[in-house]
Structure formats: structure tokens, C-alpha cells
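One structure below.
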Amino acid sequence: MPTSLALHRSDAAPAAQPASSGTRPADPASSGDPARTPRAARGRAAAVLAKVGPILAALGGIVAIWYLVSYVVLTPERQFLLPPVHEVLANTVGNPNVMGPMLEALWQTVGVALSGLAIAVVLGIGYAVVMVQSGWAEKILYPYAVILQTIPILALTPLIGIWMGYGFSARIVVCVIIALFPMISNTLFGLQSASPAAHDLFTLNKATRAQRLYKLQFPAALPSIFTGLRNAAGLSVIGAIVGDFFFQQGSPGIGGLLRTYTLRLNMDALFMAIILTAIFGVVVFSVFAALDRAVIGRWYGTGGR
């Protein structure tokens, strides 16, 4: 019996040797790295196409309608009202005398928008913190925030110009007024969203107002604060352009150029300025939306918000 067992072992050893001493290189498809597989690459390409494809399709549709109106709807005598896309690009992007001042004006508008947004964020959060401290404070202060939101900004611009002058400061004030209310309303809603059970727990532990605000209400309010920040960022661009449009002392902003191009019927430059402001608004909104997803998105699962 031991002899036959030894023979079986000696016969089995050579059969197992090729499996343990194989020298073939590992197959990349079976290496366990999904990033190297063609299927994973196709999946990523499909995901990118699913996000970018509709945007590009819509852009192509807008350009097609633009050409249709310019060449078919408008007569040759009225084509200057909507010049073709290629003429707009050739007369603006290809002309440094037009594009240079336009980019400088856009940079001025960026400064106004960011300054106004920063002030609106600080004032909005502070205003909401004061209101959340007691019910009577909210009843007294919140109606004034609503009034500031409902008054047309065009009705306030003459007063702002008289009080603040017609330069950079007046533009920032207009920007703050337009961007302020989303920060107030969203922050107030977020600060009030903490659960009663959590408030009871802080009461049992004899937490101070500052501790309750810092450790309970602010963490609960972060999603709402970022929502307000995202909305205020988009409105700050509008406020900066409106301020540039009415207050033109000092370096002109893109809103001032829009007014100048309109008065001169310089349609090529006017449409390019509109395109630049649209791109600027989309970039600002996208940056703060990405910041929102990075900071708050994990609260809503792996997919973000």
C-alpha cells in the first residue's frame, strides 16, 4: 500500500508542474484592472457622451436656427440685425481691437461679481443667524428682506447713483442687492431645519447658544447654504452686468460695452459680448455647483446632488 501511494504521488507531480511553472504573460483583459479593458473604456466614453451629447446637440440646434433666421427669415437689408455666426466670430475674435477691450471689460465684471457675491454671502448668513435666534427677530427682519427682493432694481439705481456715485462701488451695491435674498432665505431655512430631538439633546447637555449654532444648526444648514450660494453666484453675474450697464465711471465692464454696442448698432460686437457673458455665467454657476457636490454631495449618497 505505501508503495502504490508513492507511485501515485510521483505520477501526479509532473502533471501539476506545468500549471505551477507556466511562463505565459498575463492577459490584460483578465488582469483585474477594469480601466484597461475595452469595455470599461467604452463605458466611460458612453458616460461622457451622455452628458455632453445633449448639450452639443442643443448648441448645434441654436446655431442652425441662427443661420436659418439670418439667411431665410431676414431680408438682406435687415440681415445686420442678426449677422451669421461666422461673421460674428470673424469680426470679433479675429479682431484684437474689438476682443481686447471686451476681455478687459469682462475682467472688470468678474471683479464686481465676485466682490458682490462675497459681501452678499457674509451679509446673508449674518442676517439669517440674527433672525434664527428668536421668533420676534424673524418677524421683524424677514419682511425687509422680502421688500428688498421685490423692489425692482431699476427703481433703486438712481438712488444708488446719487448716494454712492457712478463708479465701482455703485456696481457692487447693485450686485449685492440682487444676490442677497437667496443667501438669506436658504440659510434661514437651513438653520431652522435641525430636528427637535437634536435640540432637546443640546438642551439636556446645557449647550450655550453659540454651541448650538456652531455644532448643530450650521452643520444642518450646510446643504441649504450651498444651494443659496449656487443661486446667488448666478444672480451676482446678472447684478454685475446691470451695475456695469448703468454706472460707467471708471473702467467699463461688459455691461457698459453692451450699452455702447447697442447705441452704435455694432451687432457683431454686441452678440459676442452676449456670448461672453453667457459663458461667464455658466462657468460661475458650474464652479459653485461642483463645489456643492464636492462638499455636500456625500450627504446624498454616492451620486451626489
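In the UniProt record's numbering, the protein residues as written are 1 to 305.
Just so it is clear, CB atoms sit at the ideal spot from N, CA and C, and this is done for glycine as well.
The structure presented is a predicted model; accordingly, all values stated were derived computationally and were not measured.
Flag this pair as touching only if the stretch 180-188 and the stretch 116-127 have three or more C-beta atom pairs under 8 Å; answer yes or no.
yes
Using beta-carbon positions only, say whether Ala105 and Leu257 come within less than 7 Å of one another.
For this step, residue 105 is matched to residue 105 along the sequence shown. For this step, residue 257 is matched to residue 257 along the sequence shown. A contact, by the Cβ cut-off of 7 Å.
Once the 5 residues before and after Pro84 are set aside, which same chain residues still bring their CB inside 8 Å of it?
The residue labelled residue 84 in the question sits at position 84 within the sequence shown. So the list reads Trp66, Tyr67, Ser70, Tyr71, once near-sequence residues are dropped.
Tell me which residues share the same chain as Lys51 and place their Cβ nearer than 7 Å to its Cβ, disregarding the 5 neighbours each side in the sequence.
One-based indexing of the sequence shown puts residue 51 at position 51. Cβ neighbours of Lys51 beyond the five flanking positions: none.
Which of the three DSSP states, helix, strand or coil, is assigned to Ala194?
Looking up residue 194 in the sequence shown gives position 194. DSSP places Ala194 in coil when its eight states are reduced to three.
Using only alpha-carbon positions, find the residue among Ala220, Gln79, Ala170 that is nearest to Ala194.
Here the question's residue 194 lines up with position 194 in the sequence shown. Checking every option, the nearest Cα to that of Ala194 belongs to Ala220.
Under three-state DSSP, which class holds Thr157?
By 1-based counting over the sequence shown, the position of residue 157 is 157. The three-state secondary structure of Thr157, taken from DSSP, is helix.
Measure the C-alpha to C-alpha separation of Pro252 and Met102 and round it to an integer number of angstroms.
Walking along the sequence shown from the start, residue 252 turns up at place 252. Walking along the sequence shown from the start, residue 102 turns up at place 102. Roughly 9 Å separates the two Cα atoms.
Is the distance from the Cβ of Gly234 to the Cβ of Phe285 below 7 Å?
Your numbering for residue 234 matches position 234 in the sequence shown. Your numbering for residue 285 matches position 285 in the sequence shown. Result yes, Cβ atoms of Gly234 and Phe285 sit closer than 7 Å.
Any idea what DSSP makes of Gln248, helix, strand or coil?
For the purposes of this step, residue 248 is taken as the residue at position 248 of the sequence shown. Reduced to three states, the DSSP call for Gln248 is coil.
For the stretch 208-293, list the alpha helix (DSSP H) runs that are entirely contained and at least 4 residues long, ordered along the chain.
Given a length threshold of 4 residues, each whole run of the alpha helix (DSSP H) inside the stretch 208-293 is given here in chain order: 209-212, 218-246, 254-264.
Using the rule of at least 16 other Cβ atoms within 10 Å of the residue's Cβ for burial, across every protein chain shown, is Pro158 buried or exposed?
Taking the first residue of the sequence shown as 1, we reach residue 158 at position 158. Looking at its Cβ environment, which holds fewer than 16 other Cβ atoms inside 10 Å, Pro158 is exposed.
Report yes or no: do three or more beta-carbon pairs, one from the stretch 241-250 and one from the stretch 168-186, lie closer than 8 Å?
Touching, yes, given that three or more Cβ pairs across the two stretches are closer than 8 Å.
Would you report the Cα separation of Val242 and Val110, rounded to the nearest angstrom?
The residue given as residue 242 occupies position 242 in the sequence shown. The residue given as residue 110 occupies position 110 in the sequence shown. Cα to Cα, Val242 sits roughly 13 Å from Val110.
Measure the C-alpha to C-alpha separation of Leu204 and Lys215 and round it to an integer number of angstroms.
The sequence position of residue 204 within the sequence shown is 204, counting from 1. The sequence position of residue 215 within the sequence shown is 215, counting from 1. Using only the alpha carbons, I get a separation of about 15 Å.
Does Asn97 come out as helix, strand or coil in the three-state DSSP assignment?
Position 97 of the sequence shown holds residue 97. Asn97 falls in the helix class under three-state DSSP.
In the DSSP assignment, find the unbroken alpha helix (DSSP H) run with Tyr142 in it and report its ends.
Reading the sequence shown from its first residue, position 142 is the one you call residue 142. 135-150 is the extent of the alpha helix (DSSP H) around Tyr142.
Going by DSSP in three states, Leu74 sits in which element: helix, strand or coil?
To locate residue 74, count along the sequence shown from 1; it is residue 74. Leu74 falls in the coil class under three-state DSSP.
Quick one: what's got a C-beta closer than 6 Å to Ser236's C-beta in the same chain, skipping five residues either side?
The count along the sequence shown starts at 1 and reaches residue 236 at position 236. Only Ala113, Gly116, Leu117, Cys175, Ala179 meet the Cβ criterion.
With DSSP collapsed to three states, give me the class of Thr167.
In the sequence shown, the residue the question calls residue 167 occupies position 167. Reading off the sequence, residue 167 comes out as Gly, not Thr. Note: Gly167 maps to coil in three-state DSSP.
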